[in-house]
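K.L.:
2 protein chains.
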Amino acid sequence: MNNFDFRNPTELIFGKGQIAMLSKRIEKGKKILMTYGGGSIFKNGVYDQVKKALDGYDVIEFGGIEANPDYDTLVKAIAICRENKVDMILAVGGGSVVDGTKFIAAGVNFNGDPWDFLIGKAPVCKAIPFASVLTLPATASEMNNGAVISRRATKEKYAFHNPDGFPVFSILDPTVVFSLPKRQISNGIVDIYAHTFEQYLTTSIHTKVMDRWAEGLLQTLVELAPELLKDDRSYDACADYMLTATMGLNGFIAMGVDEDWSTHMIGHELTALHGLDHGVTLAIVFPGVMSVMRKEKRCKLLQYGERVWGIKEGSEDERIESAIRKTDDFFRSVGMKTRLSEHGIGQETIDVIVNRFRERKWNLGEGGIVTPDKVEQILKERL
Amino acid sequence: MNNFDFRNPTELIFGKGQIAMLSKRIEKGKKILMTYGGGSIFKNGVYDQVKKALDGYDVIEFGGIEANPDYDTLVKAIAICRENKVDMILAVGGGSVVDGTKFIAAGVNFNGDPWDFLIGKAPVCKAIPFASVLTLPATASEMNNGAVISRRATKEKYAFHNPDGFPVFSILDPTVVFSLPKRQISNGIVDIYAHTFEQYLTTSIHTKVMDRWAEGLLQTLVELAPELLKDDRSYDACADYMLTATMGLNGFIAMGVDEDWSTHMIGHELTALHGLDHGVTLAIVFPGVMSVMRKEKRCKLLQYGERVWGIKEGSEDERIESAIRKTDDFFRSVGMKTRLSEHGIGQETIDVIVNRFRERKWNLGEGGIVTPDKVEQILKERL
Numbered sequence: 000m001n002n003f004d005f006r007n008p009t010e011l012i013f014g015k016g017q018i019a020m021l022s023k024r025i026e027k028g029k030k031i032l033m034t035y036g037g038g039s040i041f042k043n044g045v046y047d048q049v050k051k052a053l054d055g056y057d058v059i060e061f062g063g064i065e066a067n068p069d070y071d072t073l074v075k076a077i078a079i080c081r082e083n084k085v086d087m088i089l090a091v092g093g094g095s096v097v098d099g100t101k102f103i104a105a106g107v108n109f110n111g112d113p114w115d116f117l118i119g120k121a122p123v124c125k126a127i128p129f130a131s132v133l134t135l136p137a138t139a140s141e142m143n144n145g146a147v148i149s150r151r152a153t154k155e156k157y158a159f160h161n162p163d164g165f166p167v168f169s170i171l172d173p174t175v176v177f178s179l180p181k182r183q184i185s186n187g188i189v190d191i192y193a194h195t196f197e198q199y200l201t202t203s204i205h206t207k208v209m210d211r212w213a214e215g216l217l218q219t220l221v222e223l224a225p226e227l228l229k230d231d232r233s234y235d236a237c238a239d240y241m242l243t244a245t246m247g248l249n250g251f252i253a254m255g256v257d258e259d260w261s262t263h264m265i266g267h268e269l270t271a272l273h274g275l276d277h278g279v280t281l282a283i284v285f286p287g288v289m290s291v292m293r294k295e296k297r298c299k300l301l302q303y304g305e306r307v308w309g310i311k312e313g314s315e316d317e318r319i320e321s322a323i324r325k326t327d328d329f330f331r332s333v334g335m336k337t338r339l340s341e342h343g344i345g346q347e348t349i350d351v352i353v354n355r356f357r358e359r360k361w362n363l364g365e366g367g368i369v370t371p372d373k374v375e376q377i378l379k380e381r382l
Numbered sequence: 000m001n002n003f004d005f006r007n008p009t010e011l012i013f014g015k016g017q018i019a020m021l022s023k024r025i026e027k028g029k030k031i032l033m034t035y036g037g038g039s040i041f042k043n044g045v046y047d048q049v050k051k052a053l054d055g056y057d058v059i060e061f062g063g064i065e066a067n068p069d070y071d072t073l074v075k076a077i078a079i080c081r082e083n084k085v086d087m088i089l090a091v092g093g094g095s096v097v098d099g100t101k102f103i104a105a106g107v108n109f110n111g112d113p114w115d116f117l118i119g120k121a122p123v124c125k126a127i128p129f130a131s132v133l134t135l136p137a138t139a140s141e142m143n144n145g146a147v148i149s150r151r152a153t154k155e156k157y158a159f160h161n162p163d164g165f166p167v168f169s170i171l172d173p174t175v176v177f178s179l180p181k182r183q184i185s186n187g188i189v190d191i192y193a194h195t196f197e198q199y200l201t202t203s204i205h206t207k208v209m210d211r212w213a214e215g216l217l218q219t220l221v222e223l224a225p226e227l228l229k230d231d232r233s234y235d236a237c238a239d240y241m242l243t244a245t246m247g248l249n250g251f252i253a254m255g256v257d258e259d260w261s262t263h264m265i266g267h268e269l270t271a272l273h274g275l276d277h278g279v280t281l282a283i284v285f286p287g288v289m290s291v292m293r294k295e296k297r298c299k300l301l302q303y304g305e306r307v308w309g310i311k312e313g314s315e316d317e318r319i320e321s322a323i324r325k326t327d328d329f330f331r332s333v334g335m336k337t338r339l340s341e342h343g344i345g346q347e348t349i350d351v352i353v354n355r356f357r358e359r360k361w362n363l364g365e366g367g368i369v370t371p372d373k374v375e376q377i378l379k380e381r382l
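So the sequences go chain by chain: A and B.
First residue of the first sequence? That's 0 in numbering that gives the first Met the number 0, and the numbers climb one at a time after it.
First residue of the second sequence? That's 0 in numbering that gives the first Met the number 0, and the numbers climb one at a time after it.
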């Protein structure tokens with residue numbers, strides 16, 4: 000097991016009707032900036048519940064935070080916080096709204112251009128307090144200290160982590176999952192599966208207990224998927240789905256392990272070049288990483304196949320092949336097209352992506368084992 | 000899934016050599032009370048490592064905290080903190096030292112008799128900051144806000160929880176496990192198994208993901224046990240053991256589930272009356288709870304048998320019987336005698352315990368389903 004340092008102070012307030020707890024968690028008299036996105040909260044009743052819970056508070060609303068939250072939008076919110084001496088920010092939305100809010104919260108006290116956080120020119124500033132009411136399970140941003148921010152004007156997109164930038168609390172009411180469109184559910188399932196995989200499917204067994212927990216999340220997703228894709232989802236399925244999403248990227252399965260993240264890095268390029276949904280890119284790339292890196296990840300692939308898919312028969316090579324096929328089949332079963340050609344993407348795109356990684360001299364994956372040559376093999380395997 | 004509220008702000012600093020991090024986590028110039036127990040830290044090198052890391056700090060030592068920490072000892076430490084205006088307390092030891100330190104930390108600012116916390120006469124006072132260097136994995140006190148305090152003078156023993164009483168940080172160096180005597184390892188394995196069981200083996204399936212995580216801890220313990228009972232334990236086994244202990248009772252597997260705890264309550268009586276080790280009592284009582292409560296816990300017993308022990312053949316009744324036998328066998332395999340008669344305990348003790356529960360009108364277990372009549376059946380089954 001690797002040495003590690005774990006801390007996650009976010010309070011998770013989970014369950015039906017918990018949005019009403021807002022008034023118990025935020026001190027009376029506080030000035031609040033309420034951030035949200037494109038307006039889904041007006042349709043699913045969350046806006047009304049939040050406003051009711053915050054009756055009597057001084058609330059400034061800031062809507063319109065985009066999917067892939069944009070720097071130019073967020074700096075406007077920073078200015079509003081400063082002008083109005085906002086005490087805390089309440090993000091009401093999905094991962095993008097929470098990510099954007101993390102940037103706003105860190106920017107308020109920073110004397111300079113907060114873009115510098117993202118490009119490593121300045122250490123991230125201590126954030127003003129912020130919290131969230133989550134409406135879309137997937138990213139676990141509601142219980143971690145990371146965020147991804149885009150800048151459309153310069154076509155840039157970067158992640159940052161803020162050591163003290165965890166939400167003070169996050170309210171997760173699983174009934175928000177009832178009304179999510181199937182496309183968001185499919186994307187979410189693959190995204191959570193991939194988050195877990197990136198922290199699990201590495202070159203060695205670091206810790207038995209974290210492996211079991213990661214496998215537990217994968218097994219749960221496999222079990223939940225058919226229920227979640229029905230028109231009429233049960234509360235318990237929605238609750239387990241929401242909890243699994245949060246546990247997938249809040250650090251709880253990352254103790255003492257190496258992490259890969261090459262699938263995400265390659266997937267980001269596919270999104271940048273072709274506008275594919277994030278989840279779609281992961282469903283394409285992951286089986287390729289499994290296939291091309293099978294020698295390095297052999298031990299974990301065999302364990303994964305046996306424990307998540309019950310694969311015990313055949314030679315080691317056959318079992319690995321079977322584990323990859325099962326994973327691909329699973330992604331397809333939730334509605335994903337898992338081949339580049341199915342999205343009209345061919346060799347030209349592969350060349351562009353591989354050249355980018357070569358130019359940046361980026362070796363991906365745990366210990367840099369996913370070299371640009373490997374990226375090329377991975378993408379070719381997915382044509 | 001039940002609604003729940005989860006929060007655990009403790010920083011976990013885990014791994015070989017991490018005791019040296021003390022000087023990075025504690026501000027220079029702070030006055031520290033260092034608490035410890037009977038002196039095992041002088042033998043395993045932990046005392047020297049802590050003192051080296053705290054070179055240059057103003058440290059007052061307070062040793063002699065007993066297994067089952069005693070009120071009369073702890074109030075002396077509270078007085079020392081007040082007299083010396085101690086800024087923080089550093090517990091160096093096992094669960095008893097950490098538990099005792101929680102009581103001291105909460106007592107310092109309390110204007111009255113802190114025993115009142117334990118008997119519910121006063122709300123627990125905000126604790127002064129405290130942290131721990133753990134030397135014995137088992138109780139997870141290093142990452143939760145609960146403690147059990149005894150008062151030998153009045154033969155009383157109570158638990159308390161302090162909402163804001165989590166350790167600021169806990170340092171877990173798995174090399175401390177190398178030198179633990181087998182008896183402590185056996186007790187620890189059963190204790191951690193039982194902690195997990197109490198949060199898992201209940202009357203219904205509340206959440207798939209928490210079930211998977213609880214099963215993951217149980218599977219890990221079953222896998223680790225033979226390695227841990229060897230004279231020469233591997234670092235990775237010690238590390239997984241230590242991490243499993245912490246994850247077993249830090250709230251991470253308790254989200255949205257009912258909890259039982261009847262085995263612990265019955266076990267405490269056996270310790271009080273016959274001085275049996277805590278782990279020994281759990282190994283005796285748990286198979287009895289499984290057997291007598293098999294109707295109520297049917298669904299979970301079948302799931303447990305299949306997932307932890309691979310029991311898939313036979314009728315439901317046979318599979319449950321087999322799951323109970325496997326559990327009993329496992330406890331015996333780590334060196335436990337699992338029958339009352341093997342400890343020279345007979346019907347008289349059962350009568351005393353059952354009468355105590357009847358007098359107190361205590362119904363144990365989730366939803367009070369373990370009535371005094373059931374306790375009687377459970378203990379008779381374990382003769």
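From the three backbone atoms N, C-alpha and C, an ideal C-beta is built for every residue, glycine too.
A/D230: which of A/P162, A/H263, A/K181, A/A193 sits nearest, CA to CA?
P.N.:
The option with the nearest alpha carbon to A/D230 is A/K181.
K.L.:
Measuring alpha carbon to alpha carbon, tell me which residue in A/I12, A/V167, A/L220, A/D71 is nearest A/I88.
P.N.:
Of A/I12, A/V167, A/L220, A/D71, the residue nearest in Cα terms is A/V167.
K.L.:
Which same chain residues, not among the five before or five after B/N161, have their C-beta less than 7 Å away from its C-beta?
P.N.:
Here the set comprises K101, A105, V123, A126, N144.
K.L.:
Could you tell me which chain B residues have their CB closer than 9 Å to the CB of A/L216, listed as they occur along the chain?
P.N.:
Per Cβ cutoff of 9 Å: V208, R211, W212.
K.L.:
Consult DSSP for B/V333 and reduce its assignment to one of helix, strand or coil.
P.N.:
Here B/V333 sits in coil by DSSP.
K.L.:
Per DSSP, what are the beta-bridge partners of B/I148 in this structure?
P.N.:
Paired residue(s): B/Y157.
K.L.:
With burial defined as no fewer than 16 other Cβ atoms inside 10 Å of the residue's Cβ, what is the status of A/P136: buried or exposed?
P.N.:
A/P136 should be labelled buried.
K.L.:
Counting C-beta neighbours from all protein chains within 10 Å, is the total for B/N110 16 or more, i.e. buried, or is it exposed?
P.N.:
Exposed: under 16 other Cβ atoms inside 10 Å.
K.L.:
Just to confirm my understanding: we take B/E375, look at its own chain, exclude 5 residues before and 5 after, and list those with CB closer than 6 Å. What are they?
P.N.:
Taken in chain order, the residues that qualify are V353.
K.L.:
Along the region 8-34 of chain A, where does the CB come closer than 9 Å to a CB of chain B? Name the residues.
P.N.:
Those residues of the region 8-34 of chain A that come within reach of chain B (Cβ to Cβ, closer than 9 Å) are P8, T9, E10, L11, I12, F13, G14, K15, G16, Q17, M20.
K.L.:
In chain A, what lies closer than 8 Å to B/L143 by C-beta?
P.N.:
Here residue 143 of chain B is Asn; the residue named in the question, Leu, does not match the sequence. Chain A residues near B/N143: none, gap ~14 Å exceeds 8 Å.
K.L.:
What are the complete alpha helix (DSSP H) segments, minimum 4 residues, inside the region 87-137 of chain B?
P.N.:
Listed in chain order, they are 94-106, 114-117.
K.L.:
Return the chain-ordered ranges of every alpha helix (DSSP H) run that is complete within the region 338-364 of chain A and spans a minimum of 4 residues.
P.N.:
List check, alpha helix (DSSP H) in window: 346-359.
K.L.:
Please give the ranges of any alpha helix (DSSP H) in the region 38-94 of chain B, keeping only runs that are unbroken, at least 4 residues long and fully inside the region.
P.N.:
Complete alpha helix (DSSP H) runs here, min 4: 39-42, 45-52, 70-83.
K.L.:
Quick one: grab the DSSP three-state call for A/P8.
P.N.:
Note: A/P8 maps to strand in three-state DSSP.
K.L.:
Establish whether the CB of A/M0 and some CB of chain B are separated by less than 7 Å.
P.N.:
Closer than 7 Å: yes.
K.L.:
For a quick check, are the C-beta atoms of B/I59 and B/I170 less than 7 Å apart?
P.N.:
Not a contact, by the Cβ cut-off of 7 Å.
K.L.:
Which one or two residues does DSSP pair with B/V369 in a beta bridge?
P.N.:
DSSP output for B/V369 lists B/L363 as bridge partner(s).
K.L.:
Determine the direct distance from the alpha carbon of A/D259 to that of A/L200, and round the result to whole angstroms.
P.N.:
Going by the C-alpha atoms only, they are around 7 Å apart.
K.L.:
Assign B/A224 to buried or exposed, taking buried as 16 or more other Cβ atoms, counted over all protein chains shown, within 10 Å of its Cβ.
P.N.:
Result: buried.
K.L.:
At a CB distance below 7 Å, what residues from the region 240-254 of chain A approach chain B? Give them in sequence order.
P.N.:
Listed in sequence order: L242, T243, M246, F251, M254.
K.L.:
Going by CA-CA distance only, name the one from A/F61, A/D210, A/D257, A/L269 that's closest to B/V243.
P.N.:
Strictly speaking, residue 243 of chain B in this sequence is Thr, with Val absent from that position. Residue A/D210 is the option with its Cα nearest to B/T243.
K.L.:
Kindly indicate which residue of A/G38, A/E268, A/T206 has the alpha-carbon position closest to the one of A/Y157.
P.N.:
Minimum Cα distance to A/Y157 is reached at A/E268.
K.L.:
So, does the CB of A/R306 fall closer than 7 Å to a CB anywhere in chain B?
P.N.:
Chain B contact via Cβ: absent.
K.L.:
Kindly indicate which three-state DSSP category B/I265 falls into: helix, strand or coil?
P.N.:
DSSP places B/I265 in helix when its eight states are reduced to three.
K.L.:
Which residue comes first and which comes last in the alpha helix (DSSP H) that contains A/L216?
P.N.:
207-227 is the extent of the alpha helix (DSSP H) around A/L216.
K.L.:
With H, G and I counted as helix, E and B as strand and the rest as coil, what does DSSP make of A/M33?
P.N.:
Correct three-state label for A/M33: strand.
K.L.:
Using a C-beta cutoff of 7 Å, does A/T219 count as contacting chain B?
P.N.:
Yes, A/T219 lies at the interface with chain B (some Cβ there is under 7 Å from its Cβ).
K.L.:
Going by other Cβ atoms of all chains shown within 10 Å of its Cβ, with 16 needed for buried, is B/C298 buried or exposed?
P.N.:
Classification for B/C298: exposed.
K.L.:
Could you tell me which of B/R81, B/D316, B/G16, B/A282 sits nearest to B/P173, measuring between CA atoms?
P.N.:
Selected option, being the one with the closest Cα: B/G16.
K.L.:
Taking Cβ-Cβ distances below 9 Å as the criterion, which residues of the region 125-154 of chain A are in contact with chain B?
P.N.:
Of all residues in the region 125-154 of chain A, none has a Cβ within less than 9 Å of some Cβ in chain B.
K.L.:
Which partner residues does B/L171 have in the DSSP bridge list?
P.N.:
For B/L171, which the question treats as bridged, DSSP gives the partners B/F13, B/L133.
K.L.:
Which two residues bound the contiguous alpha helix (DSSP H) that contains B/A278?
P.N.:
For the record, residue 278 of chain B in the displayed sequence is Gly; it is not Ala. B/G278 -> alpha helix (DSSP H) spans 277-291.
K.L.:
With 16 other CB atoms within 10 Å as the buried threshold, where does A/D350 fall?
P.N.:
Exposed: under 16 other Cβ atoms inside 10 Å.
K.L.:
Pull out every residue of the region 225-241 of chain B whose Cβ sits closer than 7 Å to any Cβ of chain A, in chain order.
P.N.:
Cβ contacts with chain A: D235, A238, D239.
K.L.:
Is it a yes or a no for the region 23-35 of chain A touching the region 80-97 of chain A, going by three-plus beta-carbon pairs under 8 Å?
P.N.:
Short answer: they touch.
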